[in-house]
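Protein chains in written order, with my numbering: chain F, 1 to 458; chain X, 1001 to 1458; chain R, 2001 to 2489; chain V, 3001 to 3489. Heads up, the beta-carbon is just placed ideally off N, CA and C, and yes, glycines get one too.
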Amino acid sequence: MPFIPHTDQDVQKMLDVIGVDSIDDLFDEIPEHLRAKPMDGIPEGLNEMAMMRVLSERAQQDDGALCFIGAGAYEHHIPAAVWSTAMRGEFLTAYTPYQAEASQGTLQLIYEYQTMMCQITGLDVSNASLYDGASGLAEAVLMAIRANRKSKSKKVLLAGSVHPLYRKVVNDIVSNQGITLDTLPLNTQDLCIEHEALSQFESQDYAALVIAQPNFFGTLEDVNTLTNWGQNHGMLVIGVVNPMAMAMLAPPGEWGDNGADIAVGEGQPLGLPLASGGPYFGFVCCKQKLVRQMPGRIIGRTVDLEGKEGFTLTLQAREQHIRRSKATSNICTNQGLAVTAATVYLTLLGFNGLLKVAQASHHNTNLLVSKLQGISGVTIRSPKTVFHEFVIELDRNVSEVIELMAEQGVLGGFDLTDYYAELGNCLLVCVTEVKTESDLDLFVDALKRALQEGAVKC
Amino acid sequence: MPFIPHTDQDVQKMLDVIGVDSIDDLFDEIPEHLRAKPMDGIPEGLNEMAMMRVLSERAQQDDGALCFIGAGAYEHHIPAAVWSTAMRGEFLTAYTPYQAEASQGTLQLIYEYQTMMCQITGLDVSNASLYDGASGLAEAVLMAIRANRKSKSKKVLLAGSVHPLYRKVVNDIVSNQGITLDTLPLNTQDLCIEHEALSQFESQDYAALVIAQPNFFGTLEDVNTLTNWGQNHGMLVIGVVNPMAMAMLAPPGEWGDNGADIAVGEGQPLGLPLASGGPYFGFVCCKQKLVRQMPGRIIGRTVDLEGKEGFTLTLQAREQHIRRSKATSNICTNQGLAVTAATVYLTLLGFNGLLKVAQASHHNTNLLVSKLQGISGVTIRSPKTVFHEFVIELDRNVSEVIELMAEQGVLGGFDLTDYYAELGNCLLVCVTEVKTESDLDLFVDALKRALQEGAVKC
Amino acid sequence: MLIFENGSKGRNATSQIPQNVSEDTNLPSEFLRTSIADLPEVSELQTVRHFTNLSRKNFSIDTQFYPLGSCTMKYNPRGAQQAASLPGFLSRHPFAPESYSQGYLSCVYDLQQTLKEVTGMAGVSLSPMAGAQGEFAGVAMIKAYHDGRKDFERTEIIVPEAAHGTNPATAVMCGYKVKEVPVRADGDVDLEALKAAVGPQTAGIMMTNPSTCGVFERQIEEIAKTVHDAGGLLYYDGANLNAILGKVRPGDMGFDVLHMNLHKTFATPHGGGGPGSGPVAVGERLLPYLPTPMADCKKSESGTVSYHWVDEKELPETIGRLSAFMGNAGIVLRAYIYAVLLGRDGLLRVGENSTLSANYMAKLMSDAGFKLAYEDRRATHEFIVTMSKQAKELDVTAMDFAKRLLDYGYHAPTTYFPLLVPECLLIEPTETESIDEIEGFVKAMIAIQKEAETSPEKLKGAPFTQPVRRLDDVKAARELDVAYQKVME
Amino acid sequence: MLIFENGSKGRNATSQIPQNVSEDTNLPSEFLRTSIADLPEVSELQTVRHFTNLSRKNFSIDTQFYPLGSCTMKYNPRGAQQAASLPGFLSRHPFAPESYSQGYLSCVYDLQQTLKEVTGMAGVSLSPMAGAQGEFAGVAMIKAYHDGRKDFERTEIIVPEAAHGTNPATAVMCGYKVKEVPVRADGDVDLEALKAAVGPQTAGIMMTNPSTCGVFERQIEEIAKTVHDAGGLLYYDGANLNAILGKVRPGDMGFDVLHMNLHKTFATPHGGGGPGSGPVAVGERLLPYLPTPMADCKKSESGTVSYHWVDEKELPETIGRLSAFMGNAGIVLRAYIYAVLLGRDGLLRVGENSTLSANYMAKLMSDAGFKLAYEDRRATHEFIVTMSKQAKELDVTAMDFAKRLLDYGYHAPTTYFPLLVPECLLIEPTETESIDEIEGFVKAMIAIQKEAETSPEKLKGAPFTQPVRRLDDVKAARELDVAYQKVME
Ligand SMILES: Cc1ncc(COP(=O)(O)O)c(C=O)c1O
Ligand SMILES: Cc1ncc(COP(=O)(O)O)c(C=O)c1O
């Protein structure tokens, strides 16, 4: 019996003590006619060896391509020490630190994590993580609506340059509470928010403004102006940021005259593998005054009965297990292990290392942009002010080009046509520090060949 | 500075305290003209990311073949829990347990390992490991010569069916002490020791007899007869055994009327990856009365000053760090981590599991033998009494066939022609529990194709 | 020592830092960061040592018996970890084209099929990222269903008082009001109260069965009828599915929708708080509303199977997306591997043996004089002991027992949940703990009971053997210190 | 608890056991095992928990400062571990054809080149499996050299009294007699005694430089001349190479042959006692004798490089093989990766910074009143403190200090080695420990010194914080218990 230690003798002993004849007797409170039939649709179990064979074959199918897709999930070098440390049994197989005295490892680590995220975002308080960037943004929106004392509005203004799937997730989550989202339009030329359009939203009451830095296209937004504008019109400002970029770019806490109120984002760039999309983690930081509206767990430092420093879950009155229907969120299990890895990552890199990774990614991106210049059928659509992602317009169908590049072992980028039809045949391309110049040349070659083959096909 | 924590400030502080101007001053006792020049032949360092790229490319080159080579190193399934446990920092980065109180983890583990090896071999005492099976055999031979009170001979009788490289290693090590090795001839028909030839060695004085079970060809030897014969003629009997096979086959402690005196072998089958040949580990077990001649470390159980059970290095008076030139061996660093993995492996498998692995390997081997029957150009040379390895004779050059099979992604086996020219074009083939029937069919196909292509080439 | 107190200005893990990076940038300065983020400045060794030593301050499944009720702390197979870490899985981008996704997609598809079979439901989506998000998806589907029928009057979700906190919190997140119904002394729902509570305003009921009282709700069919007759739907909180795997299926009990906690029943590691995965399964009525993405497959004429993602194009009525990508994709994968390892028979044995162990342990506790909250009931995979008597007579609480257990090398059971049982310990041994551990725990409880009678201060002061003694939670909340501030020297 | 006391008849880790294996065999019964080997019978969880908890009873680099002199306990880069575990490396059979070996062979070849450069020697073989086997190979080559010249009279190897125990033990394993020469009070070899010791019977001398006294042998050139003039060869025990990496090369000092401990200088993990790797390097004279296998390469006309193994066919005078395969192949690989990570400059900095740290630490100790064994000398990468005074005046030994250090969270330095310094502690901080750790250790020593003066019983009874108090070694040897015997119930 895989993973079950009971021998026949053990089972018999237990049955005898309980005083029943068979295990089945233990289920006698379940109405007979409800008992399950054999689960014939499920295959027989495999031992570990046979399982590894099956899974290896499957993993192999997805392996081996050179990846230039970003769009919210980024390939960075992950130091070996990150996961060899995070995977220690005591981190991996512990539960949520409800018994603080037996969980000081996890608790101190999260306190350190919170500190690091505050430093990165320039804000005062961090929680212990939410599921991912997108659902984290939904929580941030709900938080802003609860927290905005100046506004009773259930409306929020979202920049059209925020990741389209984030916007979808936010909508799909918050609309259940009757909250509506309006979109700040995109300047399709500059691939950032259309500042001209701001004035048309000034007359309405919005609880919050959501902007992204860098935005979905990799373009940098004028976050100072936008933050001031939002706050001047009574909105709490929520910044969606890439934490890696924050080593290079002004952090939310420093936007405009007073800083953004809430920062949220995807923690994946900080030491987490792409891994089909998760587990990653969403981080949320905010100004001190908003702390009681924060969703999710928060760890605090305190002392024990001998006065020794220790760590514990705090402000639990915000949480579902205490507050039930009045909680700030329903979240319970979060992304602890991902946070553990990110904390080790940030410790290894330090601010200087993080900055170097950001700079190297940025430079590689510029290098690819320059290599693409002048290729027939390719137009660079992004302005110069990008972080590590940019948009190119092609002279033919993007999804076909992506398929043709994939056949050459190159994953060319994220197809924008489904989400931004107004941009034409556009592809979002990402380059990070892991790419060498010869990788970039492979991209260029694959793209050229795909465009040619595409042309032949037409 | 990779892995060096000192900042410029730290360095300055240290220099100030020491009272020198520069690090170079610390080397002022080294004659000036001996100071090294820059090591221009060594490339510049790479960071971890760049290193991983280089090493991944290299690893890739050696990857992906289906392996039927055995010849002393065997591919078995390694449970994931083996190395995830053995690689814990506290096992991985500890030194030899000289400070027993701070090394109880390693010490207890080795005590448990010793117990398991005694159980497997049927002998009384095990050491904590030697380097590998071959050098372990050399040490066993030296031990037997020291221990054999009945014989003053410096001669040892080695079966010709013992792994040829083991015989070479033994010779290359022990000949330095003027010890000579004679070879018990091979019966080229049955691929085991020629019993007819025994009598011709009876008149000489040998300190020890070395036999293998299974032998190098995978054939089972009549170890009972041989052990009795050797002991009757004043020799200590050393059995070279595959520990995996010992789940199925009579262990050395049960050979003949009194059991072999020493068992030695390669621990690799017990949870260690092939990994180009190491680290593996050599095990040595012996009868109680030989314990003081044992090379290498031994762990004993004792009590602390409060009477609590604990573990410590014992019988250290045999070892070089105490006994120096009078030690039983010069060994110091052994194969601790490999032993750690093997101990976890044996714990997971238990006797029943080990037996099942041995049986599955044996059955797969028989299956391949039966599939090879009747293929033109292939003769099965092994008798029926093999463990998980057997010999086939081919109608053409073996190394060419191996190359042609390798081109098809199949590593066909070990070429015997270099070591046993008298056998003709013979190939030693190994099958373990990891092979599926379709793997075996791939072998058969690759071999057939190679024989055909070989024929065309001729 | 905090990692921030460990470093030295300018120190770093050099080997991890990109080399030869120019510091120039073509970006206008108004975008750039001018402040420094005060991250640790330590070496690679210091990093490894710090976090290795931190880890040693945790209890965990790998080191201790951890019988946390409702949390199913069972062995997390290392094989699942290893297989999920194969390079092809780790490096796959969530937006990789389907030609580079067949391996992962096939795992998703197969797990969907397995979960349908296990639950007796018609459809499964794996995208929710934990139990609570699964609940959210489930209740959102209930809402979508009523909305789809233009039945906008249903504004209430009913929740038994024993329910997990996520249930009422979720109902509110979906825009519902919560109505609690009481639980009877025997652990079953007060059916009369439920009948009185339902009505045209009832959107549905959220239930756990076995309930968090550690008993099987025997009136489940009446409850289902009651709620269905009132036009509501039944939500099953499947956090406790471990208890009934292969024995009874939510679909057969009458539930319309449920979530499962793969990080419990399917043995993926809890990671000190997460990540989890909370797939939802639904009956026919709710199929159109399942959250995306899901996996589906086509068979070509030549018989080859190819997999693809299902999104809102194929499922226009979906409640939508709950994450930017594919939920906790890697946890889904580990759960799939667990299912592969166990197979049909193995999954059945989980339900049987987790129940066997819990009943054995409950009997031992009861024989030792501890008071079971529901003595006349079968335990399911967990059971409740109440310490009211000890609290009253000895002034020793369930929490005191919990803390003292740590000194005996056992993690405490869940304390003070469910809220309706006073001074309760909710104990779940799981099927992967041996009889030896179970008996050892009971012995420890007996020893602590003795201490409670003879030297209660031992319990009040506990734990004594942990890195810290009992912590001051009040101070933590009052003098909030949630991020380290460097003290300038 | 021993793992054997943990199990239950018939229990096992089912998931690891081959399924559907027939128990029939075609083998005659006389070959078969009839007895049962009493291996553990436990579950997978019990296995993982047992060994995880055992590991927690160890000190290690990952958890503590571990300044064990002569052992170079420095940080073991995780990147080397990760790269060496790539599937292509782990699955390569040692007898794989060269077409499936180019990756591994190229690493071997490149490391050989690097080690030549580092040592200033003409050839390198990586096959010895630890320092002691490297010594064996080296001395066997010396023997082969003399034998090759028909110079059979040379029967002695000279060893300074400070030498590591493996040196004399090795000489004997190679069939030599050992002659010890004394070391002077300043730590250098007594040159006069050496001159008197050499002669036509001298096969060679084995030396460590820096010596195990933690000082650099200043007369190395005279020593070389003395031994060479007598017709002997010089063996360099390179266990302490860390001290001089990039600063001075054994080849330039006049050595003919040496071994290195890759598990020290090249930062491969010690694994609780091994594995190691002890490559040998030789000057021109000994090139023909190097042990096999080695790697070499050819350039084809088209310029592609291909690698192959060198064995006795290509090197007929080789001393032969020391292992069945390629030594500790995986450790060789990790050491190569370490060299790749450090590169030219990094290797140089190892020598510099390990020396800097040791001298700093020695100065702090000396300033705190501890007695350095060689006060007037520079420390190399390690240094010796002698506790003779404490032993005489306070009856507190070096071992008492060592044990008490464990309570302060530091592993003890090497005690009672080298044997010639009474009550000695040989301390090696290495270049990877931060100044903070170094200072912390010194502070602990100062605190223990205070305890020694005021409450010596604290030291005699130490350690207090470890899983066991001080162990009875005498009992261990007298009442030998080296394997568990099941007590029948
Ligand atoms: C009964 C019950 N329901 C719901 C949940 C919530 O699941 P999650 O923590 O994965 O969000 C839990 C887990 O704690 C639970 O025990
Ligand atoms: C000076 C010296 N020589 C030789 C050795 C032996 O090396 P190994 O333990 O690798 O056999 C050591 C290691 O302990 C040593 O310190």
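- Between the alpha carbons of X/Cys1332 and V/Val3172 lies a gap of roughly 15 angstroms.
- Under the Cβ criterion of 8 angstroms, R/Arg2049 is counted among the residues facing chain V.
- Under DSSP, F/Gly282 shares a beta bridge with F/Leu130, F/Glu266.
- Relative to F/Asn330, the option among R/Met2121, R/Gly2165, R/Ala2412, R/Phe2059 whose CA is nearest is R/Gly2165.
- For R/Asn2242, the shortest C-beta to heavy atom distance toward ligand 1 is 7 angstroms or greater.
- The DSSP assignment places no complete run of the alpha helix (DSSP H) inside the segment 289 to 315 of chain F (cut-off: 4 residues).
- Within the same chain, Cβ atoms closer than 7 angstroms to the Cβ of R/Glu2041 are found at Gly2007, Ser2008, Lys2009, Gly2010, Arg2011, Asn2012, the five residues on either side in sequence being excluded.
- The nearest non-hydrogen atom of ligand 2 is 7 angstroms or more from the C-beta of F/Thr93.
- Within the segment 3371 to 3416 of chain V, the complete alpha helix (DSSP H) runs of at least 4 residues fall at 3388 to 3394, 3398 to 3407.
- Between R/Gly2175 and F/Gly278, the CB-CB gap reaches or exceeds 8 angstroms.
- Assignment of R/Tyr2075 by DSSP, reduced to helix, strand and coil, places it in the coil class.
- Every residue whose beta carbon comes nearer than 7 angstroms to a heavy atom of ligand 1 appears here in chain order: F/Ile331, F/Cys332, F/Thr333, R/Ser2070, R/Cys2071, R/Ala2130, R/Gly2131, R/Ala2132, R/Gln2133, R/Glu2135, R/His2164, R/Thr2166, R/Asn2167, R/Thr2208, R/Thr2212, R/Asp2237, R/Ala2239, R/Asn2240, R/Asn2261, R/His2263, R/Gly2276, R/Gly2278.
- Residues are counted here when their Cβ sits less than 9 angstroms from a Cβ of chain R; for the segment 3031 to 3046 of chain V these are Val3042, Ser3043, Glu3044, Leu3045, Gln3046, given in chain order.
- Under the criterion of beta carbons closer than 8 angstroms, V/Arg3049 and R/Asp2062 qualify as touching, at roughly 6 angstroms.
- The three-state reading of DSSP puts R/Gly2346 in helix, counting H, G and I together.
- Going by DSSP, V/Tyr3289 is part of no alpha helix (DSSP H) at all; its letter is neither H nor E.
- In the three-state reduction of the DSSP assignment, X/Thr1379 falls in the strand class.
- In terms of Cα proximity to X/Gly1253, the closest of X/Leu1427, X/Thr1115, X/Thr1121, X/Lys1154 is X/Thr1121.
- Within a 10 Å sphere around the beta-carbon of F/His33 sit fewer than 16 other beta-carbons, which makes this residue exposed.
- Contact note: F/Ala80 reaches chain X through Glu1048, Met1052, using a C-beta cutoff of 9 angstroms and chain order.
- In this structure the segment 89 to 109 of chain F does not lie against the segment 244 to 259 of chain F, because fewer than three pairs of beta carbons, one per stretch, are closer than 8 angstroms.
- Under the three-state reduction of DSSP, F/Thr180 is assigned to strand.
- F/Phe414 sits in a strand when the DSSP states are folded into three classes.
- Counting C-beta pairs with one atom in each stretch, the segment 2225 to 2245 of chain R and the segment 2301 to 2314 of chain R have fewer than three that are closer than 8 angstroms, which means they do not touch.
- In chain order, Asp1124, Val1125, Ser1126, Cys1285 place their CB closer than 8 angstroms to the CB of X/Cys1118, counting only its own chain and leaving out the 5 sequence neighbours on each side.
- Residue-level contact check: X/Gly1089 touches chain R, since one or more beta carbons of chain R fall below 8 angstroms from its beta carbon.
- Burial state of X/Phe1351 is buried, judged by a 10 Å Cβ sphere holding 16 or more other Cβ atoms.
- In the DSSP assignment, F/Asp10 falls within the alpha helix (DSSP H) that extends over 8 to 18.
- Using a Cβ distance threshold of 8 angstroms, F/Gly413 and F/Leu428 count as a contacting pair.
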